[in-house]
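Enquirer: Residues 175 to 519 (the numbering used here) are what the sequence shown spells out, left to right. In this text, a Cβ means the ideal position worked out from N, Cα and C, and glycines have one as well. Owing to the predicted nature of the structure, the values given are computational and were not obtained by experimental measurement. First the structure, which I've put down as structure tokens, then a few questions once you've had a look.
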Amino acid sequence: MARQIVKPAELDLESPGRRDYLVALEHDSIWGDHLIPLTVMVGAGAKPGEGLVAFGSNHGNEFEGPVVIRHLLREIDPADVTGRIILVPVLNPAAFRAGTRDSTLDDGVNLNRAFVDGAGRVPALGRITHRIADFVRSAIWPHVHVVIDLHAGGDVARFAPGTSFHPIEDPAQGRLIEKTARWFGTPLVIVYQNETPGLLPSEAERLGKITIGTELGWGAAVQHEGVRYGKHGVRAAAIHTGQMRGEIAPIAHHADGSQLKAAMVDRACFTCAPVSGHYEPLMACGTRVTAGTVVGLIHDFERVDEDPWPARAGVDGVVIAQAWGAKVRQGQHVVVTGQILPWLE
175 MARQIVKPAE
185 LDLESPGRRD
195 YLVALEHDSI
205 WGDHLIPLTV
215 MVGAGAKPGE
225 GLVAFGSNHG
235 NEFEGPVVIR
245 HLLREIDPAD
255 VTGRIILVPV
265 LNPAAFRAGT
275 RDSTLDDGVN
285 LNRAFVDGAG
295 RVPALGRITH
305 RIADFVRSAI
315 WPHVHVVIDL
325 HAGGDVARFA
335 PGTSFHPIED
345 PAQGRLIEKT
355 ARWFGTPLVI
365 VYQNETPGLL
375 PSEAERLGKI
385 TIGTELGWGA
395 AVQHEGVRYG
405 KHGVRAAAIH
415 TGQMRGEIAP
425 IAHHADGSQL
435 KAAMVDRACF
445 TCAPVSGHYE
455 PLMACGTRVT
465 AGTVVGLIHD
475 FERVDEDPWP
485 ARAGVDGVVI
495 AQAWGAKVRQ
505 GQHVVVTGQI
515 LPWLE
């Protein structure tokens, strides 16, 4: 299937039908462009300002998202699209090409910290990663009210698979977000702290959009279950928000009632390594724990005769994430424990 190479201003996200693009953003170091694959499907019932966008590869070493969207590109029949669906399997080609969390080969910026004032508009924030953020703001946000940002742990952390969002002040928006998050079928639905500047989901939430993040895998690999959850969740969101016709049934932990809502908002949820060393997990992510439970051990091989440092759960709840690689650095969050919350509905 041939894709048309266009500048952002040449995108047509409104006319009925399916169009497959490569969106060209000028390269910083070679005479050429970074090309962002984007497919849009617009049905006859599309409404101005409404639609769903699903992003993969916000970070360049998290691969479930790109695989999910690559499948959906082939599986969604445009004839079933009643509203607007935008699929972007690789939002950050600069990082994806490097296979790293940040745009290592280019400006070294983390796209999920780049949604800041002036991104892509002032010289100091004018390189590729900030210009991708500006592209999302100017070309995508005006056409969608549902945003799905598909992440995984990469090589930083191993997660119990989950969907995620921040604490939402608007009760109606919060209920819609929670309901949409549950339909992915993951064992966890995670509410996380909203203190980091420049996050794509934070901006989408502030704009009032139904915004879902995910953690679908780990180890810079592709987890089959993560792909399953991601595909189902995007389809369910499209159907339930009127962007696509069809019927869909709950799966996995949503279907059997075992899904948990867990908050990692309080500082006590994050267990910080006081020393560098090698991390040994003692239990799986998703395990229920009480505060003080030893979840893992940090071994310092420069002090081989000393006892390993016990990484303890900071709160009663469930282990959301742990360090993935054995080598950990002083200051790294090696264990994250979530506090169990009741569902809004």
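(1) I'd like the list of long-range same chain contacts for valine 492, defined as Cβ closer than 8 Å, with 5 residues on each side in sequence excluded.
(2) Within the same chain, show all residues whose beta-carbon is closer than 7 Å to that of isoleucine 425, passing over the 5 residues directly before and after it, in chain order.
(3) Beta-carbon within less than 7 Å of glycine 391's beta-carbon, same chain only, minus the 5 sequence neighbours each way: which residues are those?
(4) Taking only three categories from DSSP, how would you classify glycine 404?
(5) Who are isoleucine 386's beta bridge partners in DSSP?
(6) Does valine 478 pass the burial test, meaning 16 or more other C-beta atoms within 10 Å, or should it be called exposed?
(7) Is proline 263 closer than 7 Å to proline 182 when the C-beta atoms are compared?
(8) How would you call proline 341, buried or exposed, if buried means at least 16 neighbouring beta carbons within 10 angstroms?
(9) Using 8 Å as the cut-off, can you tell me whether the segment 219-237 makes contact with the segment 268-283, which would need three or more C-beta pairs spanning the two stretches below that distance?
(10) Note down the Cα distance separating glycine 372 from arginine 380, rounded to an integer number of angstroms.
(11) What's the call for alanine 352, buried or exposed, on a 16-neighbour Cβ count within 10 Å?
(12) Just to confirm, is the Cβ distance from threonine 256 to arginine 409 under 7 Å?
(13) Assign isoleucine 413 to one of three DSSP states: helix, strand, or coil.
(14) Over the uninterrupted alpha helix (DSSP H) stretch that includes glutamate 379, give me the two end residues.
(15) Quick one: give me the first and last residue of the beta strand (DSSP E) that lysine 435 is part of.
(16) Please confirm whether any heavy atom of the ligand ATP lies closer than 6 Å to the CB of threonine 415.
(17) Can the beta-carbon of leucine 518 be found closer than 7 Å to that of arginine 402?
(18) When the Cα atoms are used, what is the spatial distance from isoleucine 422 to aspartate 254?
(19) Name the residue from Val180, Val216, Val321, Ala313 whose alpha carbon lies nearest to the alpha carbon of glycine 230.
(20) Using beta-carbon positions only, say whether alanine 228 and proline 190 come within less than 7 Å of one another.
(21) Extract the residue ranges of the beta strand (DSSP E) inside the segment 432-495, only unbroken runs of 3 or more that lie entirely within it.
(22) What are the start and end residues of the beta strand (DSSP E) that includes arginine 333?
(23) Should glycine 470 and proline 455 be called a contact, given that it needs their Cβ atoms to be closer than 7 Å?
(24) Could you give the distance in angstroms between the alpha-carbon of threonine 303 and the alpha-carbon of asparagine 266?
(25) Hey, which unbroken runs of the alpha helix (DSSP H) at 4 residues or more fall wholly within the segment 252-333?
(26) Tell me threonine 370's beta-bridge partners as DSSP assigns them.
(27) For aspartate 280, count neighbouring Cβ atoms within 10 angstroms of its own Cβ and tell me buried if that reaches 16, exposed if not.
(28) Of all the options Ile314, Ile306, His245, Val290, which has the alpha carbon lying nearest to the alpha carbon of leucine 226?
(29) Quick one: what does DSSP say glycine 512 is sitting in, helix, strand or coil?
(30) Quick one: what does DSSP say arginine 248 is sitting in, helix, strand or coil?
Expert: Reading from the atomic positions:
(1) Ala334, Leu362, Leu434, Ala436, Gly460, Thr461, Arg462, Val463, Thr511, Gly512, Ile514
(2) Gly359, His406
(3) Glu238, Ala326, Gly327, Gln397, Gly400
(4) helix
(5) Ile322
(6) Looking at its Cβ environment, which holds fewer than 16 other Cβ atoms inside 10 Å, valine 478 is exposed.
(7) no
(8) exposed
(9) yes
(10) 12 Å
(11) Just to set this straight, residue 352 is glutamate in the shown sequence, not alanine. With 16 or more other Cβ atoms within 10 Å, it is buried.
(12) no
(13) helix
(14) 374-380
(15) 434-438
(16) As presented, the structure is devoid of all ligands, the ligand ATP included, so that no description of it is given.
(17) no
(18) 13 Å
(19) Val321
(20) no
(21) 434-438, 444-446, 451-455, 468-473, 483-486
(22) Reading the sequence as shown, one finds phenylalanine at residue 333 and not arginine. That run of the beta strand (DSSP E) goes 331-333.
(23) Taking 7 Å as the Cβ cut-off, glycine 470 and proline 455 qualify as a contacting pair.
(24) Threonine 303 and asparagine 266 have their C-alpha atoms roughly 7 Å apart.
(25) 267-272, 302-309
(26) DSSP lists no partner for threonine 370.
(27) buried
(28) Ile314
(29) strand
(30) helix
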